Amino acid sequence: MSVRQLWEGCDAAVWARKLDGRTKLLILFLVAVLAIVVDNPRTLFLLFTATLLLHLSARTSIYKWQVLAILLLLGLWGSMFSQALFFAQTPRTPLFVIIEPTMPVLGQITGGLYIYREGVIYGAVQGLRSAMMLSLGLFVCWTSDPRQLLKALITWRLSPQIAFMLVTAIRFLPVLAAEAGEVIIALRLRSDTRVGRKSIIRHLPYIAKPLLARCLRRAQTLALSVVSRGFFLATARKDEFWHTKEKFVCCLLIIFTIGITFSKIVYLLSEQGLYFGNLRIVYDWTKLYL
Amino acid sequence: MIKRNFCWIVIAVFMLSQTAFAEGINLETVYPYSLEHKNIYKTVGSATNPFYINIESYDAPEPQDVNVEILLPEGLTFNEDDDWQEVKTGKGLIIKRSWTLPANYGQNFDLLYLRANEKLTEGKHDIVVKVSGKSWQKNNNITFTHEFGEKNVDAINLQEKQLDSSKFNWYIQSVTLPVDNLGNKDDRIQERTVYIKDTALESFRNRMTGDGATNWAAVFNHPAAHLLLEMRNPQQDTRILKFRAELIDKATGKLATGLCTASQSDNETEHGWSGKSGIEDASTAMISLDGKKSQAFIIPLYVDYFRVVEGEYNLRVTVFGNGQEKIQEVPITIAKKRSMGLFAVAFSFGCFILVCLTIGQLKKCIFDIGAKGAITIALFAAVAFGSIVVPTTLFGDLLHVFLGPFSGLLTGVLNGVLLYLLVMSLLVIYRKPGIVALMFLLKWMLAGLMFGRFTPLGILSYMVYIVVLESILYISGFYRKQELTSGYVFIVAILIGTADAFITMINLEQMMFFYRLYYADWYIGLYMLINGLLYSSIGSWLGYKVGIKLQQVMGE
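Rendered as structure tokens:
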């Protein structure tokens, strides 16, 4: 499977592909809000599992599962690594000392750098938030064409000019990639380096100028064509049909997310002194599950 | 006659010399002694009360040895002390010790604990104190009244159990925190939680200036919390006790850092009397039991904001003195107020609202630059997406495996240098307000459409980029300048770098706030310095150079 095929949603289940772009974007956004609001590790894990179940029901291919697994593991590892270093809660048990506090300069600046055992676990739990968003983001990405999402943005009153710019950027991504390759070949031919990764890295700093010059020339040609056809000044906006069922699910999810956010906020306020006796059930519920 | 006069002269000289010696001594004795210097002169029941003795010597050319004798009435017993010896006599108990008074000026003082037993009759009693040197003697007489008082249940129980009553005559009833400075507990505030202020910025400044020190004056003017210590004193003792509060690690049971004493100072002994007390990682105080059955003390807890770590602890409260020690441990939570995080989030929301309000200006900008300009921005955004977002998404995580949080310093070359190179070169070609906003908006939307990255944090982060960079360019007069000179662009590049350092801080604080992550203040500083200031300034400068070349292409 090529990299291009990897980011296309042609092999996903029909129901997932047919879902409206607005539904997908809204769910993506609301789950991102939930990922921020929820603190309970069990609930976070449940939400993460739910996003994986979406992949399962959308019949994500094995290859994509592998990519997803690698990205998730790398993301979780990153979170565990950083939190193991910077964990600032007690109890914490240092496993290794990276920089001794007594070390000149670095020790003084950092106050010592350790790997904390509890930080590893904490990082894994907090990493579930980004893992959840990554998993759902890839679900949306693998089950939709960028045009579908763009259409959703346009129906949400995205300016047609910005939409046009977005389409142009997306359409010219492969062209720009090919041009970057051509520029590298040209630079390599002009110099005496042999073919290989090293030669590409060596020429990378010189790509920008020719690539951007080509962008400018292309923009000039395209602008002439676009203006002559009157595309750029388009103002018409067509309201796309949104299935009632999808709308209903989205409304439910919005209410659910607002409810959860509200209970979390009032709970946090109660900790700061703004306490309301009537909301005790909400406080208890939030403490147990959120 | 002469003989008689001579005798008188000798007597006068002798008396004068005695007076001269005696004048070099001040003897102060108090029983029962109170820390608040209350004149109590009364003892109740079988209470233990402190006896205070202070010998002040002055004008003495050499050190002198003195003997101190205290004659106690019958029924008053002395709690053992290594420095004092007791001798039983028919009149009562005599306790004595010897002291060496220093030359010139000195003070020798001690606190003894005397306990009344059932033989001490009700009424007035005297304690006679004698201090004698080689050729002088000073006496003091203390009169106090003893009352039997009402027999309380605690005292009866203690006697019935025949316990070592000296060990059980006072104890810690409860420890309550946090309370205010008047000892009032606010039910709305979570019990046993100490909130401490956010010192990220202050700490960063201190580290950068090399001080590494706390503003101790601020710490001591504002204790992190007050603690209400309730002491029970069934036998109505009067005592001077020491209080110590320490944080104990729950997992290891070891002493944890975080609390400090009010004598803490970086200037050691230079300022005032507060030299090094030898007590570290503890808040200490002196308390005085005034002979009440129950007494409450409001004690401030001082926290070293730069060393304390959030989390769950046991607060070990130790009250000790005169060979006795009572300990109580209570679980507490130390929580930090995330004021920087709140500021970052509030600032981001402000930026979001500002962008929403000025969205019309963006449309105007698009029409001003025309189709050619809009397509140029779109293509530049596509280049930014392909060369920054794609590699950092795919390979950034891989780098994270090996470099951990420091991988950002490497991927920052793309996020900093390359991004600002593109932005600045675009600005050199189209110098209009709104260009930066359009570029960042498109980059974010591309990441959203291609990788499904429509997150609240992403939106807020890009809004901060747009508002801060547009503001800095507007303020620096970049849009109004007729001609861009190298010197001027250099300053603008530094300004953009500084702005990016600020944006980096805001974004990291937001991440810490929203995703409950921890980053050390020095790490944030490092990121601001390298990814923010250095990379972005270099990128902006390179962008200017590339932009000048691209202007030639525009003119073709």
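Line by line, the protein sequences give chains A and B. Taking our numbering as reference, the numbering of the first sequence is continuous, increasing by one, and the terminal residue is 290. Taking our numbering as reference, the numbering of the second sequence is continuous, increasing by one, and the terminal residue is 1556. Ideal Cβ positions, reconstructed from N, Cα and C, are used throughout, including at glycine. Fair warning: this is a prediction, and the values are worked out from it, not measured in the lab.
Where B/Y1465 and B/L1542 are concerned, what is the direct C-alpha to C-alpha distance, given to the nearest angstrom?
20 Å
In terms of DSSP beta bridges, what is B/E1246 paired with?
B/A1282, B/R1316
Which same chain residues end up closer than 7 Å to B/V1345 when comparing Cβ atoms and leaving out the 5 residues on each side of it in sequence?
Excluding positions up to five away in sequence, the list reads Q1510, F1513.
Ignoring anything shorter than 4 residues or poking outside the region 93 to 123 of chain A, list the alpha helix (DSSP H) runs there in chain order.
106 to 110
Whose CA, out of A/H55, A/P146, A/L153, lies closest to the CA of A/L136?
A/H55
For B/M1286, count neighbouring Cβ atoms within 10 angstroms of its own Cβ and tell me buried if that reaches 16, exposed if not.
exposed
Name the chain B residues that come within less than 7 Å of A/F172, Cβ to Cβ?
Those within 7 Å of A/F172 in chain B are L1379, A1382.
I need the DSSP call for B/Q1235, collapsed to helix, strand or coil.
coil
Verify whether the separation of the beta carbon atoms of A/D214 and A/V183 is less than 9 Å.
First, the residue type needs correcting, since residue 214 of chain A is Arg and not Asp in the sequence shown. Yes. Within cutoff.
Simplified DSSP assignment, three categories, for A/F276:
In the three-state reduction of the DSSP assignment, A/F276 falls in the coil class, being assigned neither a helical nor a strand state.
At a CB-CB cut-off below 7 Å, which residues of chain A make contact with B/T1455?
A32, M133
Quick check on A/A32: buried or exposed, where buried means 16 or more other Cβ atoms within 10 Å of its Cβ?
buried
Taking Cβ to Cβ, would you say B/N1140 is nearer than 9 Å to B/G1075?
It is not a contact, given that the beta carbons lie outside the stated cut-off.
Do you know whose CA, among B/Y1479, B/Y1515, B/L1473, lies nearest B/T1498's CA?
B/L1473
Helix, strand or coil at B/G1539 according to DSSP, with G and I counted as helix:
Three-state DSSP puts B/G1539 in a helix.
Between the alpha carbons of A/Q161 and A/K151, how many angstroms are there, rounded?
Put simply, the backbone Cα of A/Q161 is about 13 Å away from that of A/K151.
Whole angstroms is fine: what's the gap from A/E246's alpha carbon to A/N40's?
29 Å
Nearest neighbour of B/I1353, chosen from B/Y1462, B/A1296, B/D1249, B/Q1328 [CA to CA]
B/Y1462
First and last residue of the uninterrupted beta strand (DSSP E) at B/D1304:
Counting along the chain, B/D1304 falls outside any beta strand (DSSP E), and DSSP gives it neither H nor E.
Using a beta-carbon distance below 9 Å, is A/D39 in contact with chain B?
yes
Using a Cβ-Cβ cut-off of 9 Å, state whether A/G107 counts as contacting chain B.
no
Could you spell out the range, first to last residue, of the beta strand (DSSP E) harbouring B/A1501?
First-last for B/A1501: 1486 to 1514, but that is the alpha helix (DSSP H), not the beta strand (DSSP E).
Closest Cβ-Cβ distance between B/T1252 and chain A: below 9 Å?
yes
Straight-line Cα distance separating B/L1255 from A/L166:
59 Å
In whole angstroms, give me the CA-to-CA distance for B/S1537 and B/A1493.
Straight-line Cα distance between these residues: approximately 5 Å.
Pull up the distance between the alpha-carbon of B/A1371 and that of A/Q220, whole angstroms please.
The straight-line gap from Cα to Cα measures roughly 9 Å.
Within the continuous beta strand (DSSP E) that includes B/P1331, where are the two ends?
1324 to 1336
Could you tell me which chain B residues have their CB closer than 8 Å to the CB of A/F81, listed as they occur along the chain?
H1400, V1401, G1404, P1405
Reducing DSSP to helix, strand and coil, say where A/T155 ends up.
Looking at A/T155 - three-state DSSP - the assignment turns out to be helix.
Which residues mark the beginning and the end of the alpha helix (DSSP H) in which B/H1146 is found?
Where B/H1146 is concerned, there is no enclosing alpha helix (DSSP H), although the beta strand (DSSP E) it sits in stretches over 1137 to 1147.
Return the first residue and the last residue of the beta strand (DSSP E) that B/D1573 is part of.
The first residue shown for chain B is 1001 and the last is 1556, placing residue 1573 of chain B beyond what the model contains.
Taking 9 Å as the threshold (beta carbon to beta carbon), is B/D1397 in contact with chain A?
At least one chain A Cβ lies under 9 Å of B/D1397.
So, is B/V1131 buried or exposed, given that buried needs 16 or more other C-beta atoms within 10 angstroms?
The residue is buried, with at least 16 neighbouring Cβ atoms inside 10 Å.
Tell me, please, which residues DSSP counts as bridged to B/S1065.
Before going on, a small fix: residue 1065 of chain B reads as Asp here, not Ser. Paired residue(s): B/T1100.
Count the other CB atoms within 10 Å of the CB of B/V1068; is the residue buried (16 or more) or exposed (fewer)?
buried
Using 9 Å as the limit for Cβ to Cβ distance, is A/M103 near chain B?
Chain B contact via Cβ: absent.
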